[in-house]
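Participant: Going by the numbering used here, the sequence shown opens with residue 60, and the numbers climb by one from there.
All residues carry an ideal CB built from backbone N, CA and C; glycine is no exception.
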Amino acid sequence: MNWLTWSLLSAFFAGLTAVLAKIGVAGVNSNLATAIRTSVVLIFTWGIAFATTKPSALLEFPRRVWLFLALSGVATGLSWLCYFRALQLGEVSRVAPVDKLSVVFVIVFSAIILKERLSVQHAIGGALIVAGALVLAWQHD
C-alpha cells in the first residue's frame, strides 16, 4: 500500500475515533477518559511493535530520535486532552472540523521548522480547510 492508502485509512479511523470518543466521554472526566484511551493505544501499539520488530531495536535509536519522539508524544497528549474536553463540551460534527485545522498548522510548521517549500497549492488548500472549518463550526441559531 502507498502513502495515500495509509492516509485514507488514517482519516477513516480518525473519523470513527471522533464519534466513538464523543460517546465514551459522556458523563465522565475528560482527562480520565483520555488516559483510558491512551492506555489502550499504548498496549495496542506496543503489541504491534513487538510483533513486527525485535525489542532490541529500541537500543539502536539515537538520542535525537528519543528526544523528538518524546516531544511528539507530549504534543499528542496535550492535543488529546484538549480534544476530549472539546468533545465533552461541543458537538462532534463541529469539534472535529476545527481539530482538522491541525493540517493548516502542519503546513505552516513544515515551512518554518522543516524548511519545506510551500506552493500556491498549499496556500489554496490551507485556505479552503480554514474556510471549511469555519463553515462547519459556525453556530446558526
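1) Is there contact between the stretch 151-165 and the stretch 102-114, where contact requires at least three CB pairs shorter than 8 angstroms?
2) Kindly indicate which three-state DSSP category S178 falls into: helix, strand or coil?
3) Looking at the secondary structure, which residues open and close the alpha helix (DSSP H) in which F100 lies?
4) Hey, is A92 close to the ligand ATP, as in C-beta under 8 angstroms from one of its heavy atoms?
5) Any idea what DSSP makes of W197, helix, strand or coil?
6) I'd like the list of long-range same chain contacts for A80, defined as Cβ closer than 6 angstroms, with 5 residues on each side in sequence excluded.
7) Would you give the residue range spanned by the alpha helix (DSSP H) that G83 belongs to?
8) Does DSSP put G191 in a helix, in a strand, or in coil?
9) Taking a contact to mean a Cβ-Cβ separation below 9 angstroms, would you say W139 touches T93 in this structure?
10) List the whole-angstrom C-beta distance separating L177 from A170, where the pair is believed to meet the contact cut-off of C-beta under 8 angstroms.
11) If you follow the alpha helix (DSSP H) that A134 is in, where does it begin and where does it stop?
12) When you compare only the Cα positions, how much space is there between T97 and R122?
Facilitator: With the given structure in hand:
1) no
2) coil
3) Note on identity: in this sequence residue 100 is Val, with Phe being the wrong assignment. Its alpha helix (DSSP H) spans residues 89-111.
4) In the structure on display, the ligand ATP does not appear, and there are no ligands present to speak of.
5) coil
6) L146
7) 62-83
8) helix
9) yes
10) 5 angstroms
11) 122-148
12) 24 angstroms
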